[in-house]
Amino acid sequence: MSELFYDAAPNATRIAPARAPERAYPGKPEDVSLFGTCVVDLFFPEAGLDAIRLLEQQGIRVHFPQQQSCCGQPAWTSGYRDEARAVALAQLNLLDDGRPVVVPSGSCAGMFRHHYRELFADEPDNLRRAEALAARTFELTEFLLKVCQVKLVDRGQPYKIALHTSCTARREMNTHLHARELLAQLDNVQRVDHDHESECCGFGGTFSVRMPDISGAMVLDKTAALRGSGAAEAISADAGCLMNINGALEKQQHGFRGRHLASFLWERCGGAE
Amino acid sequence: MNQRIPVTELTSDFKSRAHDALADPQLRANFRTAMDSLMRKRADAFSDEAEREGLRELGNLIRARSLSNLPDLLEQLEARLTANGIKVHWAETTAQANEIVHGIIEARNGRQVVKGKSMVSEEMEMNDYLADRDIECLESDMGEYIVQLDHEKPSHIIMPAIHKNARQVSQLFNEKLGEPVSEDVDELIQTGRRILRRKFLEADVGVSGVNFAIAETGTLLLVENEGNGRMSTTAPPVHIAVTGIEKVVSNLRDVVPLLSLLTRSALGQPITTYVNMISGPRKPDELDGPEEVHLVLLDNGRTGAFADAQLRQTLNCIRCGACMNHCPVYTRVGGHTYGEVYPGPIGKIVTPHMVGLDRVPDHPSASSLCGACGEVCPVKIPIPELLQRLRQENVQSPQHEPKAVKGAGSKYSRKERMIWRSWQWLNTQPALYRLFLWGATRFRGLAPKRVGPWTENHSAPVPARRSLHDLARDHLSTNAVGDPRT
Amino acid sequence: MSARSTILNKLRAGLAGTSPRPDEFDASLVTEPWRYPPQERVARLRTLMEAVHTEVHEIPQANWPDVVAQLLSQRDIGSLLYAPATAHGQQLERAWRDRPDCPELRVYDRPVEAWKEELFNDVPASLTGTVGGIAATGSLVLWPDRHEPRLMSLVPPVHIALLRASEIHDNFYDLMTAQNWAAGLPTNALLVSGPSKTADIEQVLAYGAHGPKELIVLVLEDV
């Protein structure tokens, strides 16, 4: 792309950003910060703790800044830019120490990686810090696979699972294959496909409460597909989707459930070197 | 012969139409089957990812280049078309466009108009406008003909009657045309062919849309499979093409990638049966083709979108419909739920500047922002980003000026703004946030059993016994690196 | 102010202070994936066209009029619309002159208004030339003219088209460049890639929507 000719005026006609080159990963760091995300914090804390354990198993010192809250995404996707920016700024200030940040969720990682830039587009100093945060933010599965280059040792019995990949992991973070690869390392785990696998579960943050009929139809289809896959359990690396999927399954009074990938990996491989 | 064809008046809102559509198993099945098939066909047509992505980038560059030079290109197009003998008309509003079309028809004493597929004429509601003036305006695309016969609007921009199955079409033909009942698709199509051939022969005027208007050569390019587009633009003595001002491209060669992107994205076809390039009316020594060719260039809010560099990207659209084919919302609610000419993801981003956000207040919210639309868009319109932008415009105070989109602020709610302010406060005061966690986990038994619309589809969420903040603090204060299991 | 100047003024205001984007057209993106060795062009075109119900015959230059006669007789078609002023029209005429069993030859020699009803109702088949073919998409290129007017390839239920193998190009870009289309196009230029079809009812493909129900391509072996 000839950036040389690019017209930088704010009203210049835009072109799509060039395809991102494959992300270059650093070597394994000694320290990381875990950004737990608000949904994990309140509804799936064990998944956050299991993520910490998996990272520690790799010999990494994990820090959990106690002042963290939410990445700002709910307000951002709802159109409340100012409110999202204020919350984002709090996290940006908190995570400013240069440590890599690991996030057990594709959508919150995507917020750091892509949308903070848009929130701080008009603030040069914050924009610079947001770019830096984006560069050192990793979704948990990509961190384990690409930065730690884990070799998982499966200690569990033969088991079938279905994998639900969040839309942000799939289309924004380009980490849709990472969870698959991690699961493929588990000798006794068989991943089965489910119907319309790449389709959204219907969560979409506030979409699920603004458009409950449509969201409900989507999650009904998704849960039916997961149950019909022949898997014993659904696995996902995104707690937002899990809250949607498990809440719907419980309402439907089905015993089938979804579980966070971090918890599943820790159960299968905990303690292995 | 001049039947007034009323289009069903929409009195309900988006959400209630969605509710009804979701409860219609036949409609759901018709859409799911069709969209699954269209997605498969597109995937097969773009089996080489590198080729596909390179072409999408080129498509985006061509559209951006055209828009970056749009006023000059429109003037160049007008000059070339005029030199070729095609008369160019400009319309700011659909009312003006209709007046222009009506004027041309009246000048020829036309009474019968036959139409090839044109979404811009749908914007204009041209059929009704002309019917009110005793001019029959008949759709000739098979799908458009079917929906017109049933007094409906198209439910998909490429497949207008996709919401109907063969049985429903057969019943319609039986009821309206007295044709024997037959669910054989070939027979149904032959019925349409027989009736419409007569119309092509008799029509005084043919109306069509335009897929690409080429400034370099002064050419109107139309794609189609049926032949009705060629019929409408060739058989009647007058041809009127109507199109949006954004459809112009600089060079003939620019249409090579755009054409390939269009037909492969829309239908998974390497090319449509016909690519019809019109560069003038019948010449003195020629034996057929229209004696007059007109082009009506319509604004209808496009200049409004153009004024904002981010929203200008909506004008990249080449109307392939791939975004709707891949949209999990469109697939479930169908095109009529949107209540406007353009349904689905593209409809959500082009409709506001045409009719005002206040007429479609729910459209920007009717998306999980899953990104499937942006992923398949052949000209790389960042549809989720634009939906998000429209959400911002929609929750601003209606008093806010200047407005980037007509009718912005239609979802403004002081109460909702207060809720998000409180959310902001909670999430920017760490002590308060932790107090909230403490309360929510400690008093989890008191969590409400109904949480607004959430509990329509889900059981009520119950907070964990301890938050990650607490678990992590305890864990990290007692665990040393290298001894993770203790 | 006229609608024209209002629209142009608004657009210009939106672009104030910017300049047009550069032309970054990369022709390799529309040519390189669509290159074929010369001997494979016909096969590629044939495969694609047959996939959409086109009948394709590869035949020597000399005896295509016999094939046309045969195809029409198989279909019980008694007349054929042709263009006597073209080279292929003359070849057909010569070949059929002494054969009483051949279908009647008919000519599009009046303005359409003079015989529209007849053209729509009583002409079962037509024969036209082409100005080339496209291997990448399986397409014929037609430039209708005074001798072979626009409706000739559209209205009759059977359309027979002659295509010289040597005039098949790899892709649309190559063809329009080789034939210098940018310098000017005729009133009507067409790419035709099969008989008329529709999938508007339940996505079920049905042929013979509004145009020809059958497209027959005779590829003349001249290479």
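Chains as they are written, first to last, in the numbering used here: chain A, 1 to 273; chain B, 1001 to 1486; chain C, 2001 to 2223. In this text, a Cβ means the ideal position worked out from N, Cα and C, and glycines have one as well. In this text, all values refer to a predicted model and were calculated from it rather than measured experimentally.
Rounded to whole angstroms, what is the Cα-Cα separation between residue i and residue j?
i, j, result
"A/Ser263", "A/Ala47", "5 Å"
"B/Gln1310", "A/Cys201", "29 Å"
"B/Leu1476", "A/Gly59", "14 Å"
"C/Gly2208", "B/Gly1334", "28 Å"
"B/Val1329", "B/Glu1106", "43 Å"
"B/Ala1131", "A/Ser236", "56 Å"
"B/Leu1201", "C/Ser2002", "36 Å"
"C/Arg2004", "B/Cys1327", "37 Å"
"A/Ala135", "A/Arg113", "7 Å"
"B/Arg1133", "B/Ala1045", "45 Å"
"B/Pro1484", "A/Asp221", "Confidence at B/Pro1484 is low in this model, with a pLDDT of 39, below 50, so its placement is unreliable and no value can be given for it."
"C/Trp2064", "C/Leu2045", "19 Å"
"C/Glu2093", "C/Leu2127", "12 Å"
"C/Arg2099", "C/Gln2061", "19 Å"
Hey, would you say residue i sits closer than 8 Å to residue j, going by beta carbons?
i, j, result
"C/Pro2103", "C/Leu2081", "no"
"B/Lys1247", "B/Val1210", "yes"
"C/Met2049", "C/Gly2138", "yes"
"B/Arg1111", "B/Ile1135", "yes"
"C/Trp2096", "C/Ala2069", "yes"
"C/His2088", "C/Ala2135", "no"
"C/Met2176", "B/Leu1067", "no"
"B/Val1223", "B/Leu1259", "yes"
Quick check on residue i: does DSSP put it in helix, strand or coil?
i, result
"B/Val1114", "strand"
"C/Leu2008", "helix"
"B/Tyr1164", "Before going further, note that residue 1164 of chain B is Lys rather than Tyr in the sequence given. Three-state result, B/Lys1164: coil."
"B/Ala1043", "helix"
"B/Gln1392", "helix"
"A/Gly270", "coil"
"C/Arg2164", "strand"
"B/Glu1053", "helix"
"B/Gly1143", "helix"
"A/Cys71", "coil"
"C/Pro2060", "strand"
"B/Gln1171", "helix"
"B/Trp1454", "helix"
"A/Asn11", "coil"
"C/Val2107", "strand"
"B/Arg1466", "coil"
"B/Ser1410", "coil"
"B/Tyr1342", "coil"
"C/Pro2212", "coil"
"B/Lys1380", "coil"
"C/Thr2198", "strand"
"B/Glu1136", "strand"
Who are the near neighbours of residue i in its chain, counting only those whose CB is closer than 8 Å to its CB and skipping five residues on each side?
i, result
"C/Gln2179", "Val2131 and Gly2132"
"B/Thr1191", "Phe1173, Leu1177 and Glu1179"
"B/Glu1183", "Ala1166, Arg1167 and Ser1170"
"A/Asn174", "Ala20 and Arg23"
Might you give, ordered along the chain, the residues of its own chain that have their beta carbon closer than 7 Å to the beta carbon of residue i, omitting 5 neighbours on each side?
i, result
"B/Ala1460", "Ala1447, Pro1448, Lys1449, Arg1450 and Val1451"
"B/Leu1437", "Ser1467 and His1469"
"B/Glu1078", "Val1088"
"B/Gly955", "Outside the shown range of chain B, which is 1001 to 1486, sits residue 955 of chain B, and nothing can be said about it."
"C/Val2042", "Glu2058, Ala2165, Ile2168 and Val2219"
"B/Gln1396", "Ala1408, Gly1409 and Tyr1412"
Can you find the residues in the same chain that come closer than 6 Å, C-beta to C-beta, to residue i, ignoring five residues on each side of it along the sequence?
i, result
"A/Phe203", "Gly240, Cys241 and Asn244"
If you pair each beta-carbon of the segment 1237-1255 of chain B with each one of the segment 2199-2218 of chain C, do three or more pairs fall below 8 Å? The segment 1237-1255 of chain B vs the segment 2199-2218 of chain C: no contact.
Could you check whether the segment 219-229 of chain A touches the segment 154-169 of chain A, counting it as contact only if at least three pairs of C-beta atoms, one from each stretch, sit closer than 8 Å? Yes: the two stretches touch, three or more of their Cβ pairs being nearer than 8 Å.
Segment contact flag, the segment 1294-1312 of chain B with the segment 1114-1127 of chain B, C-beta cutoff 8 Å, min 3 pairs: At 8 Å Cβ cutoff, the stretches touch.
Does the segment 94-101 of chain A come into contact with the segment 73-86 of chain A, if we say contact requires no fewer than three beta-carbon pairs (one atom in each stretch) closer than 8 Å? Cβ pair count under 8 Å is below three, so no.
If we count Cβ pairs, one from each stretch, closer than 8 Å, do we get three or more for the segment 1265-1277 of chain B versus the segment 1041-1061 of chain B? With a cut-off of 8 Å, the segment 1041-1061 of chain B and the segment 1265-1277 of chain B count as touching, because enough Cβ pairs lie within range.
Check whether the segment 2181-2189 of chain C and the segment 2006-2018 of chain C touch, using three or more Cβ-Cβ pairs below 8 Å as the test. No, they do not touch.
Using a Cβ distance threshold of 8 Å, determine whether the segment 1350-1367 of chain B contacts the segment 1011-1030 of chain B, with at least three qualifying pairs required. Touching, yes.
At least 3 beta-carbon pairs within less than 8 Å: the segment 49-68 of chain A vs the segment 27-41 of chain A: Output reads yes: the segment 27-41 of chain A touches the segment 49-68 of chain A.
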